[in-house]
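In the UniProt record's numbering, the protein residues as written are 1 to 509. Virtual Cβ for every residue (Gly too), placed ideally from N, Cα, C. What follows is a single structure, written as structure tokens, with notes after it.
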């Protein structure tokens, strides 16, 4: 078929190819074939497009070479041979699980890691310095040793999940030259999906799921975080961490390591369920071995005290209890009146966790019981009183004056949710019993307390839920918060390290 004539080409219609063509005759146009014909088909990329493609390819090749070289440059001979912990079901309290003697951690021949070991080292050190007291389950040095083997995809997935959780929890800004927080989480997800964890590697799978749960919880992906937490709990059930039989014949260190994992899952499951109105799924046997303080790691008794707080809450208000069950209100009333001695600890991140969690759980218990009783309004009654949340919030603010905002922010959005629950309960009390909010100008009243808590919540870097802030502002407007005098509001201040010892006693009721 020949070329179209000039008029048909311009009009973009089919040309008969005659001279003159049928279309030009019909429209009385002059039929000509004078235009220069261009090459048909793809014309090839523009110069700038081609240069951009070549530059991207060179950059990707250079980055991959640097990453692979850094990972493979490690001396594999320095890595200790993997031997099972004495008496352990092939799990180690140091950097996750280990393989049986003579076996590789992974049977994959080669794996091109996308995250350099230097990035892992940097963020694992931050985890150790700031968050080990929150999740005392990973020995960062042992995990880094495992990462010297570039074929160890299990260690790679675990490290990527820990680093992504650490960065999301602490709101660490991304380094332009390194992988982003989301890239680390993506790498952990992609790696673990290609794995089939054997029995001696289930702990690694459990911890990888747990830290990915932390990451997605911090980024607002609640459904995803819930599913990952349930998967971690499923791994624990497969191992039997919730049963005392699992700990038979294990040495002391291995028992304590697995107990810490079990208790962290128990605490996280209860907190996540309460905050998102979900049924809890992980229950521990009452005959488990006793959890002991890890003094050599600087944990002291604070972590054990946190576990006891959640256990006391679960005993007073178990998930399957009915409001009309005999002893329901009595157990809650006794728990509300109980004053748990808080441990003395130098680490303010641990103190922040215990102080806020204790107040939050007491308010949650109060809310569970208050619909079923004729509550009184006596502010001195530390049981089922309408003013109970105000009393709890006042004590909480007094204790928070010994803590820095950084200590609160280290616990991520979960800390904000707990503070919001306390503040929201105070607002409900003011709305339902406005007479309790009427105090003379010389005293700090419920409105002052609510304003102080609201200001604190809004100031935290981890406050990332605008819906909660909007709800709190609406409650404050309903409480006529303009009556609160700014000069009387309790403030959260940074306390120098030298003053911590003199203020420790404020944490003991």
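Item: Whole-number beta carbon distance between residue 467 and residue 450, since they are thought to touch under 8 Å; Value: Rounded, the Cβ-Cβ distance is 18 Å, inconsistent with contact.
Item: Counted within 10 angstroms of its Cβ, other Cβ atoms place residue 190 as buried (16 or more) or exposed; Value: exposed
Item: Nearest candidate by alpha-carbon position, reference residue 32, set 4, 272 and 13; Value: 4
Item: CB-CB length for residue 233 against residue 265, believed under 8 Å; Value: 6 Å
Item: Cβ neighbours of residue 275 in the same chain (closer than 6 Å, five flanking residues each side left out); Value: 417
Item: Close Cβ partners of residue 187 (< 7 Å) along its chain, the five nearest in sequence each way excluded; Value: 114, 115 and 160
Item: Residue 405 versus residue 460: straight-line alpha-carbon distance, rounded; Value: 7 Å
Item: Inter-residue CB distance, residue 272 and residue 306 (contact presumed, cutoff 8 Å); Value: So it is not a contact: roughly 15 Å between Cβ atoms.
Item: contact_flag[the segment 205–218, the segment 394–403] where n(CB pairs < 8 Å) is 3 or more; Value: no
Item: Residue 173 in three-state terms, based on DSSP; Value: coil
Item: Own chain residues within Cβ distance below 6 Å of residue 197, not counting five before or after; Value: 205
Item: N- and C-terminal bounds of the alpha helix (DSSP H) containing residue 242; Value: Run containing residue 242: none; DSSP gives neither H nor E here.
Item: Residue 124 versus residue 151 - alpha carbon distance; Value: 20 Å
Item: Where residue 510 falls: helix, strand or coil (DSSP); Value: Past the boundaries of the shown model lies residue 510; the chain is included only from 1 to 509, so the question cannot be answered.
Item: Cut-off 7 Å between Cβ atoms - residues of its own chain near residue 13, not counting five sequence neighbours on either side; Value: 23
Item: Sub-7 Å separation of residue 446 and residue 357 beta-carbons; Value: no
Item: Helix, strand or coil at residue 285 according to DSSP, with G and I counted as helix; Value: coil
Item: Exposure of residue 193, with buried meaning 16 or more beta-carbon neighbours within 10 Å; Value: exposed
Item: Contact under 7 Å by Cβ, residue 407 with residue 348; Value: yes
Item: Terminal residues of the alpha helix (DSSP H) in which residue 22 lies; Value: 22–27
Item: First through last residue of the alpha helix (DSSP H) which encompasses residue 396; Value: 388–400
Item: Buried versus exposed, by CB contacts within 10 Å (16 or more), residue 476; Value: buried
Item: Cut-off 6 Å between Cβ atoms - residues of its own chain near residue 270, not counting five sequence neighbours on either side; Value: 280 and 310
Item: Integer Cβ distance of residue 313 from residue 365, believed to fall under 8 Å; Value: 7 Å
Item: Range of the contiguous alpha helix (DSSP H) that encloses residue 257; Value: 252–276
Item: Nearest-angstrom beta carbon gap, residue 423 and residue 472 [assumed within contact, 8 Å]; Value: 6 Å
Item: Contact check, residue 370 vs residue 419, beta carbons under 7 Å; Value: no
Item: C-beta contact flag for residue 215 and residue 168 at 7 Å; Value: yes
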